[in-house]
Amino acid sequence: NKTDIGLIGLAVMGENLALNMESKGWNVSVYNRTVPGVEEGVVDRFMNGRAKGKNIEGFTDIKDFVDSIATPRKIMMMVRAGSPVDELMEQLFPLLSPGDILIDGGNSNYEDTNRRVKLAESKGFLFVGSGVSGGEEGALNGASIMPGGSEKAWPEVKPILQSIAAKASDGTPCCQWVGSAGSGHFVKMIHNGIEYGDMQLIAEAYWVMKNLLDLNNEEMADVFSRWNEGKLRSYLIEITTNILRHKDKTGGYLIDKILDAAGQKGTGKWSVINAMELGMPLGLIATAVFERSLSAQKELRHQASHQFPRQHTQPIYNKVELVKDIYSALYASKLVSYAQGFAVLQRASDTFGWQLDLASIARMWRGGCIIRSIFLNDIAAAFEATDKPKHLLMAPYFREEMKASLSGWKSLVAEAMKEELPVPAFSSALNYFYSLTSADLPANMVQAQRDYFGAHTFERKDELRGQFFHENWTGYGGDTKSGTYNV
Ligand code: NDP
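The following block contains the structure:
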């Protein structure tokens, strides 16, 4: 009796995914390498522990593991991203049969996945690169799963992957086919970037309430809890409420004892690097990534704070009004962030020929993952409209939402700037919004400067677009132009 699926890598994600699959009625084979020097007995520990008495078979020999799975085999790898995936593939190839399917559920770089799909297909196998979000809890009880790669594999893996995915409130599984090549991992990367942005925005809302309004942790928790009943309803707002109320063993609020130096594992940075490669603005996420970097320079900030003491005017605010403004800033900035993120997805789709369905991606993120929220329903609806918006903020619903938020948002940013309180993500979003909605920008000056010093040429308002001119600005420069390519 062969099993339905194999799973490699019994760390936190692999273990929980295996248990999730088994609980949905699938028979699962599991394998973890056994190498001297690294923890041994991983398979035995799992088999004698959480997997005991379940329809799970454990293997320490990779050939026995592969042989135990029904063909066409489905083998999901949940190992450390990077070279371990390549090493595993090399070990698996000689053991597989034509048509077998490898699924990489780790946080792989989408360019690695592009390469791996080609490699596996050249050998007669299928390869699925799938983003999985939701951490340990999601892996066990329902994750958001974003598969892409060899499309022929989709009908084969769909029943298993959808069964272990989270279900949105309308019952649809948070797992749909994303597109070809590394698109699944690209979408997961942008998901993580958006997560960075959301977290920074919530942190700024917290910081303004604490510093401009002097609210205590319980009062702030009450505000977030109220927001969680409305349009901002989301997992991250919900856990923020819990975090603010949480007391540690000593009875004090833990949040006040946590060092303000944020860590990062790189997916936010990757999103920004790739947006830059695609020539697309992703300023809000970039700001969130840079703020984590600046926060980590705690010593430097400490010293600088002594050299530049704050000039507070300490105005008395109307609490209800200011909380409303903070809400507007948070909500509008979040809209900007999602608009930027989805625009990067659209550009990647056009550039790489992925044919991404943005509405389907928004729907996939409604459950299981860290950025799950009800507001993704509105995003899906906007992208589904017959009259597709050129930009998310120009979709009729969001256009009205932005208009309604603007007054509170800008007055909050202005107030924070006056009080010398950093709100980098709120203000980055506001600047992006002002630039986006400016028919004219000072880029004419940039073009003139580029042409002045480097003969980089410019287009003219009084000529058709696509024609490039060079001016002999100084009278002694020549007429030789530089190429007009854009990178
Ligand atoms: P880790 O990222 O810590 O990966 C550990 C697993 O990788 C172990 O099973 C380990 O085996 C295996 N491994 C490492 N090197 C090799 C190698 N050269 N050959 C074979 N196996 C190897 O564990 P996680 O469970 O946290 O994550 C698994 C994947 O899922 C990662 O890509 C991660 O980025 C991704 N992910 C993680 C999430 C999380 O919340 N933790 C959420 C979503 C995705 P051994 O025991 O022998 O060392």
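To convert, count from 1 in the sequence shown and add 4; that's full-length UniProt numbering. The C-beta atom is built at its ideal place from N, Cα and C for all residues, glycine as well.
The ligand NDP never approaches residue 377 closely enough for any of its heavy atoms to be under 7 Å from the residue's Cβ. Out of 490, 124, 245, 413, the CA that lies nearest to the CA of residue 434 is found in 413. Secondary structure of residue 257 (DSSP, three-state): strand.
The continuous stretches of alpha helix (DSSP H) do not include residue 131, which lies in the beta strand (DSSP E) extending over residues 130 to 137. Under the three-state reduction of DSSP output, residue 105 falls in the strand class. For residue 80, the enclosing beta strand (DSSP E) covers residues 78 to 81. Taking C-beta atoms under 8 Å as the contact rule, residue 32 and residue 60 qualify, at a distance of about 5 Å. In the three-state scheme derived from DSSP, where H, G and I count as helix and E and B as strand, residue 32 is classed as strand.
For residue 309, the enclosing alpha helix (DSSP H) covers residues 302 to 311.
Residue pairing from DSSP places residue 179 in a beta bridge opposite 149. Going by beta carbons, residue 240 and residue 365 fall outside the 8 Å limit.
Spatial neighbours of residue 252 in its own chain (CB-CB distance under 6 Å, excluding positions within 5 residues in sequence) are listed in chain order as 258.
When secondary structure is reduced to three states using DSSP, residue 188 falls in the helix class.
Remark: the shortest separation between the CB of residue 170 and any heavy atom of the ligand NDP does not fall under 7 Å. Between residue 134 and residue 159, the C-beta spacing is not below 8 Å. If you look at residue 26, you'll find it in the alpha helix (DSSP H) that goes 16 to 27. Contact between residue 169 and residue 148 holds: CB atoms are separated by about 7 Å, below the 8 Å threshold. When only Cα atoms are considered, residue 166 and residue 178 end up about 7 Å apart. With a threshold of 16 other beta carbon atoms within 10 Å, residue 370 meets it and is buried. In the DSSP annotation of this structure, the continuous segment of the alpha helix (DSSP H) that includes residue 330 starts and ends at 323 to 356. In this structure, residue 189 sits near residue 117, with a CB-CB distance shorter than 8 Å.
According to the DSSP assignment, residue 320 belongs to no alpha helix (DSSP H), since it is labelled neither H nor E. In this model, residue 411 and residue 235 are separated by some 18 Å (Cα to Cα). Taken from the Cβ of residue 37, at least one heavy atom of the ligand NDP lies inside 7 Å.
Residue pairing from DSSP places residue 7 in a beta bridge opposite 73.
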